[in-house]
Amino acid sequence: MTKEPASRYLLVGPSLLAFFLFLWPVGHSDLSKREAREGIPVVHMDRGASLWVPRINDERVRTKPPLFYWAGLVASKVLGGVNEISLRLPSVFAGTATVFLTTLLGFSLFSPVVGCMSGLILATSWRYAYLASHARIDMLFVFFITLAFVGFWKMIKAEDGDTKKRAGICVAVALGLAILTKGPLGIIFPLLAWFVFTWRVGQKAIPWLRLIVIPLGIVGVWLALAWTVGGEEFQSMIYQETVGRVAGSESIQIHHKPFYYYVPQMFLGMAPWSLFLPVVLWSGFKKHRKDIQWLYLAIAWVALFIFLSFFSGKRGDYLLPLYPMAALMIGHFFSESLSDSSSRFSVGQSFPVWMLAGLIGVIALILIVPVLINIEPDIHLAFLNSRDRYTINLLLLHDLPSRRILAMGAVIMVFFAVGLILALRERSILKVWVLTSGWTIFVLLLAHGPVAKVINGYSSLKPFAEQVKKAAPSGLAHFGEPREDLLYYLNRPVQEAHEAKDIESIINNAETLLLVKGSQSGPLLEKYSGLRVVLETKDMFRQYQLLGP
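Take the sequence shown: its letters are residues 5 to 553, numbered as in my numbering.
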């Protein structure tokens, strides 16, 4: 099937586009707080710290397994040092590889056209493209989960025993590596989805024991080595990240959210393609509930969505393993509409297109308003809070593009909005897919390029860290736990001060200065008259002060 030249292009094309989209932003911004949280353990490993227990510092163990940090370390060794690019490359390659696997699974389940469309849909989903270009654990985790699903399908469809056994071993290894990336969900979610699927379709002779024992054996080797190095601190971390996270322990950071939290998160994260997801699921369960290929995707998507919704701790990024399955279902929906010459847009199919066209029209209006009038935030935007007005005022004063560029942007947006409306009138599902893809690629290049650079100027703590290193050449402490991005760019040991005696010790030591978040400095300055402000930054996203005697 994939040996024909056209099929080869359809198989490889989405991955090439994905690699370009994901590589494009890696040098446009400094590390964010969450990225630095993953980068600091790589720095410690690069300097000779234990490879088995990732650490933020000598007192704090990173609450994640080590595989992502090993990948970052390898990339850093190849590039000659730990930096923003070396830390982001594992996500770039993992994201690109996941697009390839999604395309390949579409080939296997349906057709080359479905595979190609699905790969492009995944590559241009908003949150997926962001995480595939930043130093976050999630993308490597999704790669191994998707690899396991591709392998499981091959295993159950293999006709000879040797192929089935090899595929089963590959699936088990992928599950083990998924656990080594982000923890127990790497095996719980796939096994849950596969159990429901095989029960629903009556599939038998699944090597469940192998799929459980091999991953646990891989993880067991790491646990044994890390246990000897990490001691009681590591043991406590493992307990809290397994039993404590499920039980909602207050000793770890749990993002408590309501049951329905993932519904809007799915729409936001997979935008703009998520607009089509309700009609895709509705029509799919009506027309394909006996189709084993479609059920393989739908059961996996529904199983994880419901499973995650039962936990009180929620974050939108936890949904990322669902994205390849959703992309394949949406790609199948578009391809099916293409192949059916009698297909007509129903109300359910037209509604997401109208919504997208309206959204693009609103963006065009936002771009054209500064061309026509001079915006006064305190007058025209009085309905916003003071912080938002201050932010917009700064952007208008320092970073507003020229009127010509804004007008060009508005024209481009109008082109896409009108194009979608005309495609609806022509009843062309292909034009809808092409215009949606083109608009999304344009927005991603803009958002992850010039816009990212502007935002970085207001959000990065790197400039402040450079100033702190000059102002505090000797000892340095931080009131409470420091932000990881500040700690990363300081690139030096920072003592944590939590109690009054720690503050008093700093006051008595003329060589040690104290870093304090802007919201915490007032009470400290009132209580300790011996402290004064040595250095400060008051930017809207990074309010910090350096205090000293």
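We put the beta carbon where it would ideally sit given N, CA and C, even for glycine.
Tell me, which residues are paired with residue i by DSSP?
i      : result
ARG59  : VAL65
THR541 : TYR548
PHE483 : ALA501
GLY317 : HIS260
ARG536 : GLY552
Between which residues of its own chain and residue i is the CB-CB distance below 8 Å, once the five residues before and five after are set aside?
i      : result
ILE242 : LEU227
SER36  : HIS138, SER463, ASP489
VAL47  : VAL86, TYR492, ASN495
ARG233 : One point to set straight first is that residue 233 is Val, not Arg, in the sequence displayed. Contacts found: SER54, TRP56, VAL57.
GLU380 : none
PHE148 : ALA178, LEU179, LEU181, ALA182, THR185, GLY190
MET5   : Low per-residue confidence applies at MET5: pLDDT is 46, beneath 50, and the placement is therefore not dependable enough to give any value.
Keeping to the same chain, check which residues put their C-beta closer than 7 Å to that of residue i; ignore five residues upstream and five downstream.
i      : result
HIS452 : TRP28, PRO29, HIS32, SER137
ILE44  : ILE60, GLU488, LEU491, TYR492
ASN513 : GLY479
PHE72  : GLU42, PRO94, ILE141, LEU144, THR185
THR444 : THR128, PRO276
MET49  : LEU55, TYR73, LEU77
For the beta strand (DSSP E) that residue i lies in, which residues bound it at each end?
i      : result
VAL520 : 516-521
Tell me the residue span of the alpha helix (DSSP H) that contains residue i.
i      : result
PRO276 : Element bounds for PRO276: n/a, residue is neither H nor E.
ILE425 : 407-430
GLU42  : 37-50
GLY180 : 165-186
VAL96  : 88-113
LYS294 : Element bounds for LYS294: n/a, residue is neither H nor E.
ALA197 : 189-205
SER137 : Careful: SER137 lies outside any alpha helix (DSSP H) and carries neither H nor E.
VAL455 : Per DSSP, VAL455 belongs to no alpha helix (DSSP H) and is neither H nor E.
LYS208 : Run containing LYS208: none; DSSP gives neither H nor E here.
ILE125 : 116-127
GLY31  : Note, GLY31: premise wrong, no alpha helix (DSSP H); not H, not E.
GLU4   : Any answer about residue 4 is impossible in this case: the structure gives the chain only from 5 up to 553.
GLY76  : 71-83
SER478 : Careful: SER478 lies outside any alpha helix (DSSP H) and carries neither H nor E.
ALA162 : ALA162 -> no alpha helix (DSSP H), and no H or E assigned at all.
ILE445 : 433-450
SER341 : 327-343
Regarding residue i and the ligand COA, is the C-beta to nearest heavy atom distance less than 7 Å?
i      : result
TYR492 : The ligand COA is not part of this structure, which contains no ligands at all.
Distance check for residue j and residue i, CA to CA, integer angstroms please.
i      : j      : result
ILE511 : ILE60  : 26 Å
LEU312 : LEU529 : 45 Å
PHE156 : ALA171 : 7 Å
LEU196 : PRO477 : 54 Å
ALA98  : VAL146 : 8 Å
LEU518 : LEU424 : 56 Å
PHE238 : PHE201 : 36 Å
ASN397 : GLY461 : 15 Å
THR440 : VAL366 : 16 Å
TYR548 : ALA481 : 13 Å
LEU21  : PRO116 : 17 Å
PHE337 : PHE199 : 25 Å
GLY335 : ALA230 : 43 Å
VAL455 : LYS161 : 46 Å
ILE416 : ARG393 : 27 Å
PHE446 : TYR327 : 21 Å
LYS81  : GLU39  : 19 Å
VAL418 : LEU550 : 48 Å
SER287 : ILE433 : 16 Å
GLN353 : LEU308 : 25 Å
ALA176 : GLY224 : 14 Å
LEU535 : LEU360 : 55 Å
SER90  : SER341 : 42 Å
Can you list, in chain order, the residues of its chain with a C-beta nearer than 6 Å to that of residue i? Leave out the 5 residues immediately preceding and following it.
i      : result
ILE216 : none
LYS435 : ALA427
LEU109 : VAL154
SER19  : THR100, VAL103, PHE104
Contact the region 490-504 vs the region 467-478: 3+ CB pairs below 8 Å
yes
Touching by the beta-carbon criterion (3+ pairs, under 8 Å), the region 7-21 and the region 123-139:
yes
Below 8 Å, how does it come out for the region 315-325 and the region 276-286: are there three or more Cβ pairs, yes or no?
no
Report yes or no: do the region 291-310 and the region 197-209 share at least 3 C-beta pairs separated by less than 8 Å?
yes
Within 8 Å, do at least three Cβ pairs link the region 100-117 to the region 70-83?
Counting Cβ pairs under 8 Å, fewer than three are found: no touch.
Check whether the region 405-425 touches the region 363-382, counting contact only when three or more Cβ pairs, one atom from each stretch, lie closer than 8 Å.
yes
For the region 379-388 against the region 416-430, are there 3 or more C-beta pairs whose distance is under 8 Å?
no
Hey, is the region 47-60 in contact with the region 139-159, meaning 3+ C-beta pairs nearer than 8 Å?
no
Are at least three pairs of beta-carbons, each pair with one atom in the region 218-233 and one in the region 181-200, less than 8 Å apart?
With the cut-off at 8 Å, the region 218-233 and the region 181-200 touch.
Under 8 Å: do the region 262-277 and the region 129-136 share three or more Cβ pairs, one atom per stretch?
The region 262-277 vs the region 129-136: in contact.
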